[in-house]
Amino acid sequence: MLTAVILMIICSTADLSEVRLVDGDGLCSGIPEVLHEEEWRKLSSNYIEYRAVELLCKELNCGDVISATFRSNFRDKHGDQPVIDLDCEGNESALSECKKYRSPIHPDYRNISVIVSCSDSVRLVDGAGCCSGRVEVKSHQSWTSVCEADFDWQDAEVVCRELDCGTPLTLQGALSGDGKHPFGTNQFQCKGSENRLLTCSTSDKEEYTCTSGSAVELTCSGPDHVRLVGGSGRCAGMLEMFHSGEWRGVTADRWSMRDAAVVCRQLGCGSAVKSPMIVSGGDETGWGFHIACFGSESTVKECTILYSSKIRFPVGVVCSGISKNEK
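Residue numbering for the sequence shown is -16 to -1, 1 to 311, as defined by mature numbering (1 follows the signal peptide of the UniProt record, and there is no 0).
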């Protein structure tokens, strides 16, 4: 349960104008910290909102969110210092616009840290969502477009994988123009099995002749983010969400039938019949998700999603069955 939430103290003076990721592989991955009262403090590790992670990656000029996971048994340099909690409504353009709270660290979360990874090397822009758009690659701290002639299907497989967007669906010249960024000079030579675009082999062109309208545009399938497992069929069972290459449970804490209705709708399984709590002996099942929906959303990704470091009781969903549109 998210018991640490009730211990929060509102703090109107928290200055979030400076944020950083530390102890990671680079500037765009690691443990999130904010500068508060001239000290770097970590964000709360009992849960963190997806919107807050999106804004953090944006403010660091690190593209989109790849993942936010939790690391346990971590020797935390912050010790028992208070942590910062963020409450974002979803329409903010910067972290400083979110509500800020300072809370004492809960003993259960002292040795847990949230690890954020942003897409510091590649992004898809001006598309229908985070998994489609014009391909841009970061080079020397600036974003550059990629010429269609220098990007093939194997490269596309790597980009979709890196962005946690499933597999490629279409690859073509940009239909919406080349955007404001210039073309890069790298020709990518991926094998298709790499996890990150920057680990692929590249070659520089001596003469670069990419013309207007030939920036590459990619559409990925997007992963099936939710599923029901362990039930009588695909429309009943314990709810899991796909994130960072693995399936994770969803907490039953403050879950409602409105949330279940969105799950059934996304899966094409009719309406929600019931949504029981899964009792698994009372042991935490590791980190997962907390979801809050209005009930009218088409997919779970449109709801408020929080990363939760501990799930005591996962939730199950039973839907009425295959919807008419699926028959």
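Note that the Cβ used here is the ideal one computed from N, Cα and C, for glycine as well.
### Task
Give the secondary structure of residue 162 by DSSP, where H, G and I count as helix, E and B as strand, and everything else as coil.
On the sequence shown, residue 162 is found 178 positions in, with the first residue counted as 1. Note that residue 162 scores a pLDDT of 49, beneath 50, so its modelled location is shaky; the value from the coordinates is reported in the next line. In the structure shown, residue 162 adopts coil according to DSSP, grouped into three states.
### Query
Any idea what DSSP makes of residue 198, helix, strand or coil?
The sequence position of residue 198 within the sequence shown is 214, counting from 1. Note: residue 198 maps to coil in three-state DSSP.
#### Entry: Secondary structure of residue 266, DSSP reduced to three states
Numbered from its first residue, the sequence shown carries residue 266 at position 282. Because the pLDDT of residue 266 is 42, which lies under 50, any placement of that residue in the model is unreliable, and the number read from its coordinates should be weighed accordingly. Residue 266: coil per DSSP, three-state reduction.
### Query
What do you reckon, are the CB atoms on residue 168 and residue 130 nearer than 8 Å?
Reading the sequence shown from its first residue, position 184 is the one you call residue 168. Reading the sequence shown from its first residue, position 146 is the one you call residue 130. In contact: residue 168 and residue 130 (Cβ atoms closer than 8 Å).
### Boundaries (first-last residue) of the beta strand (DSSP E) holding residue 25
As a working mapping, residue 25 is identified with position 41 in the sequence shown. Looking at the DSSP string, the run of the beta strand (DSSP E) that includes residue 25 is 23 to 26.
### Residue environment, residue 245, which counts as buried when at least 16 other CB atoms sit within 10 Å
As a position in the sequence shown, residue 245 is number 261, starting the count at 1. It counts as buried.
### Query
What number of angstroms, rounded off, separates the C-alpha of residue 43 from the C-alpha of residue 3?
Taking the first residue of the sequence shown as 1, we reach residue 43 at position 59. Taking the first residue of the sequence shown as 1, we reach residue 3 at position 19. Their Cα atoms are separated by approximately 8 Å.
#### Entry: Residues near residue 37 by beta carbon distance below 7 Å, same chain, minus five either side
By one-based count along the sequence shown, residue 37 stands at place 53. Closer than 7 Å at the Cβ level, and outside the excluded window around residue 37, lie 49, 52, 100.
### Task
Flag this pair as touching only if the region 141 to 155 and the region 215 to 225 have three or more C-beta atom pairs under 8 Å; answer yes or no.
Result no; under three Cβ-Cβ pairs closer than 8 Å.
### Task
Please work out which residues of its chain come closer than 6 Å, Cβ to Cβ, to residue 119, disregarding the five sequence neighbours upstream and downstream, and give them in chain order.
Along the sequence shown, one-based indexing puts residue 119 at 135. In chain order, 130, 200, 202 place their CB closer than 6 Å to the CB of residue 119, counting only its own chain and leaving out the 5 sequence neighbours on each side.
### Close beta carbons around residue 266, own chain, < 6 Å, minus the five adjacent residues each side
Along the sequence shown, read from residue 1 onward, the residue named residue 266 stands at position 282. The predicted model places residue 266 with a pLDDT of 42, which falls under 50 and marks its position as unreliable, so this point remains unresolved.
### Task
Specify whether the region 70 to 83 and the region 126 to 143 touch according to this definition: at least 3 beta carbon pairs, one from each stretch, less than 8 Å apart.
Here the region 70 to 83 does not lie against the region 126 to 143, with fewer than 3 beta-carbon pairs under 8 Å apart.
### Residue of 255, 85, 35, 22 minimising C-alpha distance to residue 28
The residue labelled residue 28 in the question sits at position 44 within the sequence shown. Among 255, 85, 35, 22, the Cα nearest to that of residue 28 belongs to 85.
### Query
Expressed to the nearest angstrom, what Euclidean distance is found between the alpha-carbon atoms of residue 283 and residue 18?
Within the sequence shown, the letter at position 299 stands for residue 283. Within the sequence shown, the letter at position 34 stands for residue 18. In a straight line, the C-alpha of residue 283 is about 32 Å away from that of residue 18.
#### Entry: Three-state secondary structure (DSSP) of residue 130
In the sequence shown, residue 130 corresponds to position 146, counting from 1. Residue 130 falls in the coil class under three-state DSSP.
### Task
Answer with yes or no whether the minimum CB distance from residue 98 to chain C is below 8 Å.
No chain C appears in the structure shown, which is made up of a single protein chain.
### Task
Locate the alpha helix (DSSP H) running through residue 249, then write down its first and last residues.
Here residue 249 refers to the residue found at position 265 of the sequence shown. DSSP places residue 249 in the uninterrupted alpha helix (DSSP H) bounded by 241 to 250.
### Query
residue 232 and residue 271 look like a contact to me (Cβ under 8 Å); what is the Cβ gap, rounded to whole Å?
Within the sequence shown, the letter at position 248 stands for residue 232. Within the sequence shown, the letter at position 287 stands for residue 271. Under the criterion of beta carbons closer than 8 Å, residue 232 and residue 271 qualify as touching, at roughly 7 Å.
### Task
With residue 220 as the anchor, note down where its beta strand (DSSP E) starts and where it stops.
In the sequence shown, counting from the first residue as 1, residue 220 sits at position 236. Counting along the chain, the beta strand (DSSP E) containing residue 220 begins and ends at 220 to 227.
### Task
Reducing DSSP to helix, strand and coil, say where residue 304 ends up.
Here the question's residue 304 lines up with position 320 in the sequence shown. Assignment of residue 304 by DSSP, reduced to helix, strand and coil, places it in the coil class.
### Message
Closest to residue 235 by C-alpha separation, out of 198, 296, 227, would be which residue?
### Response
As a working note, residue 235 is residue 251 in the sequence shown. Among 198, 296, 227, the Cα nearest to that of residue 235 is on 296.
### Message
Here's the rule I'm using: 16 or more other beta-carbon atoms within 10 Å means buried, otherwise exposed. How should residue 213 be labelled?
### Response
Your numbering for residue 213 matches position 229 in the sequence shown. Exposed: under 16 other Cβ atoms inside 10 Å.
### Task
Pick helix, strand or coil for residue 216, following the three-state DSSP scheme.
Along the sequence shown, one-based indexing puts residue 216 at 232. Here residue 216 sits in strand by DSSP.
### Task
Hey, could you find the ends of the alpha helix (DSSP H) residue 231 is sitting in?
Here residue 231 refers to the residue found at position 247 of the sequence shown. No alpha helix (DSSP H) contains residue 231, which is instead part of the beta strand (DSSP E) from 230 to 233.
### With 16 other Cβ atoms within 10 Å as the buried cut-off, status of residue 278
Translated into the one-based positions of the sequence shown, residue 278 becomes position 294. Classification of residue 278: exposed, given that the 10 Å Cβ count is below 16.
### Query
According to DSSP, is residue 42 helix, strand or coil?
For the purposes of this step, residue 42 is taken as residue 58 along the sequence shown, with counting starting at 1. If DSSP states are grouped into helix, strand and coil, residue 42 belongs with the helices.
### Residue from 46, 184, 157 with nearest C-alpha to residue 126
Here residue 126 corresponds to residue number 142 of the sequence shown, with the count starting at 1. Considering only alpha carbons, the answer is 46.
### Query
Under the three-state reduction of DSSP, which class applies to residue 139: helix, strand or coil?
Locating residue 139 in the sequence shown gives position 155, where the first residue counts as 1. Residue 139: helix per DSSP, three-state reduction.
### Message
Taking the alpha carbon of residue 285 as the reference point, which residue from 98, 259, 251 has its own alpha carbon closest?
### Response
For the purposes of this step, residue 285 is taken as residue 301 along the sequence shown, with counting starting at 1. For residue 285, the nearest C-alpha among the options comes from 251.
### Query
If you draw a straight line from the C-alpha of residue 14 to the C-alpha of residue 291, how long is it?
Taking the first residue of the sequence shown as position 1, residue 14 is located at position 30. Taking the first residue of the sequence shown as position 1, residue 291 is located at position 307. If I take the Cα positions, the gap works out to 15 Å.
### Nearest to residue 240 (by Cα), restricted to the options 258, 198, 226, 209
Mapped onto the sequence shown, residue 240 falls at position 256. Measuring from the Cα of residue 240, the nearest candidate turns out to be 258.
### Query
In this structure, what does DSSP give as the bridge partners for residue 298?
Mapped onto the sequence shown, residue 298 falls at position 314. In the DSSP assignment, residue 298 is bridged to 235.
### Message
Could you compute how far the alpha carbon of residue 162 sits from the alpha carbon of residue 198?
### Response
Locating residue 162 in the sequence shown gives position 178, counting from the first residue. Locating residue 198 in the sequence shown gives position 214, counting from the first residue. Because the pLDDT at residue 162 is just 49, under 50, the model does not fix this residue reliably, and the point stays unresolved.
### Close Cβ partners of residue 139 (< 6 Å) along its chain, the five nearest in sequence each way excluded
Translated into positions along the sequence shown, residue 139 becomes position 155. Hits under 6 Å: 172, 174.
### Message
Let's see if you can read the secondary structure: which residues bound the beta strand (DSSP E) around residue 122?
### Response
Looking up residue 122 in the sequence shown gives position 138. 116 to 123 is the span of the beta strand (DSSP E), which, as asked, contains residue 122.
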